[in-house]
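Presented below is the structure to which this report refers.
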Ligand code: SF4
């Protein structure tokens, strides 16, 4: 008798977390970064315009300045939490 294997195979599911190994090269050094999964939706640039900007020739966002105030930190964290494809990471080092 055959049985169905109902255990989901998660080995091929992409990680929902931003990947520091896939940072786009324009990010400035520091904790926050955008990885290569960015879909250029503009949300982070609206939420934290002092920290995120667009690479016009490539069509994605990157971190052009790390947050330096509590307000900027809050805006960057909001952008991270709202990014629809989780392309923003905060584990990029200091
Ligand atoms: S919110 Fe995410 S997907 Fe949208 S532009 Fe920013 S990094 Fe890219």
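Numbering (my numbering), first residue to last: 4 to 97. Ideal placement from N, C-alpha and C gives every residue a C-beta, glycine not left out.
Do residue j and residue i have their beta-carbon atoms positioned less than 7 Å apart in this structure?
i, j, result
"residue 71", "residue 37", "no"
"residue 93", "residue 35", "yes"
"residue 75", "residue 95", "no"
"residue 51", "residue 82", "yes"
"residue 21", "residue 77", "no"
From the options, pick the residue whose C-alpha is nearest to that of residue i; which is it?
i, options, result
"residue 85", "22, 44, 27, 34", "44"
"residue 29", "50, 49, 48, 55", "55"
- [ ] List in chain order the residues whose CB is within less than 7 Å of at least one heavy atom of the ligand SF4.
- [x] 37, 41, 42, 43, 44, 45, 46, 47, 48, 55, 63, 64, 82, 85, 86, 87, 88, 90, 91
Task: beta strand (DSSP E) segments (min. 3 residues) lying fully within the stretch 12 to 78 - done: 55 to 58, 63 to 66
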